[in-house]
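What follows is one structure encoded as structure tokens, with my remarks underneath.
Number of protein chains: 2
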Amino acid sequence: MLAIERRNEILGKLQNDKRVIVSELSDYYEVSEETIRRDLEKLEKDGYVTKSYGGAILNENINLEMPFNVRKNTNVVGKQRIAALLTELVNDGDSLMLDSSSTAVFIAKALKETKRNLTIITNSIEIIIELFDAQEWRVLSTGGLAQEGSFALVGPQTDQMLSAYHVSKAIISCKGFDIHNGITDSNELHARNKQTMLNRTEQGILAVDKSKFGKTAFALISRLDNISIIVTDEKPEEKWLRLFEEYRIKCIWP
Amino acid sequence: MLAIERRNEILGKLQNDKRVIVSELSDYYEVSEETIRRDLEKLEKDGYVTKSYGGAILNENINLEMPFNVRKNTNVVGKQRIAALLTELVNDGDSLMLDSSSTAVFIAKALKETKRNLTIITNSIEIIIELFDAQEWRVLSTGGLAQEGSFALVGPQTDQMLSAYHVSKAIISCKGFDIHNGITDSNELHARNKQTMLNRTEQGILAVDKSKFGKTAFALISRLDNISIIVTDEKPEEKWLRLFEEYRIKCIWP
DNA sequence: AAACTATGTTAGCTATTGAACGTCGAAATG
DNA sequence: CATTTCGACGTTCAATAGCTAACATAGTTT
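One line per chain: the protein sequences are A and B, in this order.
Note that this note's numbering numbers the first sequence so that position 73 is 73, with each residue one more than the last.
Note that this note's numbering numbers the second sequence so that position 199 is 453, with each residue one more than the last.
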């Protein structure tokens, strides 16, 4: 059994029983108590539980149903790479906009571990939840219509709220990214929100894995002009790099 | 049973009964009185209770918030009763505002099972998540600052968004409810948001369990004038009913 | 091969609890 | 109003369970 499997099972047990006992888990999984303690330690660090003498209890304010069931996360490694690169672009004290892409969730997690005193504005419910316990941060939710399926807030209310702020960096993702058609998304409301984010910042950062290169989706977000930096998970081909140079876009990969 | 569980339960009992007795707790949990004293000592150190000879009483300094998991799980039955009563006041197609109280979460759940085609505006992240899959409903999130501990969005942004709408019913809860001091809450930002909700509706509904009657918390939400209906979990005493009559407030209990 | 990860093992340390006992507080009694 | 009395309190001590930290090992990744 993999460690991560065991941890997930422990989380499952916590959802049922609200608490776990170190000695019981150690018996059940036939690993040493130390291993279980290390598991709980990790879960505590991730904010899921509170340890106590002899065991741990579930943190009720983390809505556990969500992170596991909802996302059919693809290319997790790529997204984590992108997130790691992004932490180097962000400084303590920055103000950021994050969109409601799954990449942005990874970015939020990575930033939480490394940065202090950030101000985040986002329309992603997942990110809001992820950052609820971020000490010293200011986390703002745009309002908006709760859109089934994407865990995002969308619509004109979202745009209006975004327009009330100006941030040093806006980090967005997209469904498609093409020389002729610019940056595109499959959902018009999402596209509009991302557009607004780019309009309210000096530095637009596109965080997008390589599979999106050369793709075009339904709704236009922006031409390439509004993008300052592209962060991706693999080195793009020469034609892309030439294009980026032409537009004076900095491109970063691991 | 883990020590932290016992302490949380004691806090829960304190929320209901306002006081605890050392000897009773010792019997109930089958630990020595010393252990209970040490528990109370810790709770006192954390500011939740004041010890006294033979037991301890809850600090009525309601400004100090209970841990979320304790607050959420107290008087579940009362909250469910209130939620059930409220479904009878709401019609299919209504537009509602719901605040970020734990009672409101129960109300949202009850409505989801019984009503069609509602429009909900709320600043509660829990409710947003709960209603993400509500078919045919329109669920709007107010924006706002994500406030640690309460799972709510607060601040001027929240007010601004609320002010952009007008609904048939606003359903709010509170920490204290008193003849002279009106409806009060421990948190000023929450109080302001609830106030705004009452201003944006024809029918203000106060959903509040009986333990709040006669209490006064720090921040004023509203005088009684703005309330049309009070829904509670037990029949209030005569003096309250007379008061409600005077203000032409309808009061409902199971 | 080196670096890293997951796990086990151990030794020393710490936290939690209950028992014992002298002191203190509250309420009844004179 | 002073005294008495009994339960409650705090402190200390000891026992035990649990914890931390350091090191060892094996398997995996780079």
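Glycine is no exception: its CB is placed at the ideal position from the N, C-alpha and C atoms.
All values derive from a computational prediction rather than experimental measurement.
Here's the rule I'm using: 16 or more other beta-carbon atoms within 10 Å means buried, otherwise exposed. How should residue i be labelled?
i, result
"N16(A)", "exposed"
"T368(B)", "exposed"
"L86(A)", "buried"
"G347(B)", "exposed"
"Q147(A)", "buried"
"Q135(A)", "exposed"
"Y501(B)", "exposed"
"E284(B)", "exposed"
"D27(A)", "exposed"
"R370(B)", "exposed"
"T438(B)", "buried"
"N91(A)", "exposed"
"D39(A)", "buried"
"R261(B)", "buried"
"K272(B)", "exposed"
"V76(A)", "exposed"
Taking only beta-carbon atoms, is residue i less than 9 angstroms away from chain A?
i, result
"N387(B)", "Here residue 387(B) turns out to be Asp, not Asn, going by the sequence shown. Closer than 9 angstroms: yes."
"V393(B)", "yes"
"Q411(B)", "yes"
"F405(B)", "yes"
"G266(B)", "no"
"E288(B)", "no"
"L294(B)", "no"
"I433(B)", "no"
"G397(B)", "yes"
"N262(B)", "yes"
"E259(B)", "yes"
"L256(B)", "yes"
"I481(B)", "no"
"I383(B)", "yes"
"I475(B)", "no"
Hey, would you say residue i sits closer than 9 angstroms to residue j, going by beta carbons?
i, j, result
"I510(B)", "L268(B)", "Missing from the structure shown is residue 510(B); chain B here goes from 255 to 508 and no further."
"G54(A)", "L256(B)", "yes"
"G266(B)", "K464(B)", "no"
"T196(A)", "D225(A)", "no"
"I483(B)", "K504(B)", "yes"
"L394(B)", "G149(A)", "no"
"V22(A)", "I4(A)", "no"
"L343(B)", "V485(B)", "yes"
"M528(B)", "Q157(A)", "The structure shown has nothing for residue 528(B), since chain B only spans 255 to 508."
"S222(A)", "G176(A)", "no"
"S100(A)", "I129(A)", "no"
"F405(B)", "I125(A)", "no"
"M97(A)", "I172(A)", "yes"
"L460(B)", "R138(A)", "no"
"P508(B)", "A358(B)", "no"
Could you check whether the Cβ of residue i sits closer than 9 angstroms to any Cβ belonging to chain B?
i, result
"E245(A)", "no"
"S52(A)", "yes"
"M161(A)", "yes"
"P67(A)", "The pLDDT assigned to P67(A) is 42, lower than 50, so where the model puts this residue is not dependable; a value taken from the coordinates is nonetheless given after this. It does not; no Cβ of chain B falls within 9 angstroms."
"E148(A)", "yes"
"A170(A)", "no"
"R37(A)", "no"
"I57(A)", "yes"
"E24(A)", "no"
"E44(A)", "no"
"I21(A)", "yes"
"E60(A)", "yes"
"R248(A)", "no"
"A164(A)", "yes"
Please indicate yes or no: does the CB of residue i lie closer than 8 angstroms to some heavy atom of the ligand NAP?
i, result
"A164(A)", "Ligands are entirely absent from the displayed structure, and the ligand NAP is therefore not among its contents."
message = Would the segment 167-182 of chain A count as touching the segment 201-211 of chain A if we require 3 or more Cβ pairs under 8 angstroms?
response = yes
query = Any chance the segment 117-136 of chain A sits against the segment 99-109 of chain A, with 3 or more Cβ pairs inside 8 angstroms?
reply = yes
task = Report the residues of the segment 359-380 of chain B with a CB closer than 8 angstroms to any CB of chain A, ordered along the chain.
result = Contact annotation: in the segment 359-380 of chain B, residues whose CB is within less than 8 angstroms of a CB in chain A are I379 and E380.
message = Below 8 angstroms, how does it come out for the segment 281-300 of chain B and the segment 226-237 of chain A: are there three or more Cβ pairs, yes or no?
response = no
ask   = Between the segment 185-194 of chain A and the segment 209-226 of chain A, do at least 3 Cβ pairs fall closer than 8 angstroms?
value = yes
ask   = Got a sec: which bits of the segment 439-459 of chain B sit with their beta carbon under 7 angstroms from any beta carbon on chain A, in order along the chain?
value = none
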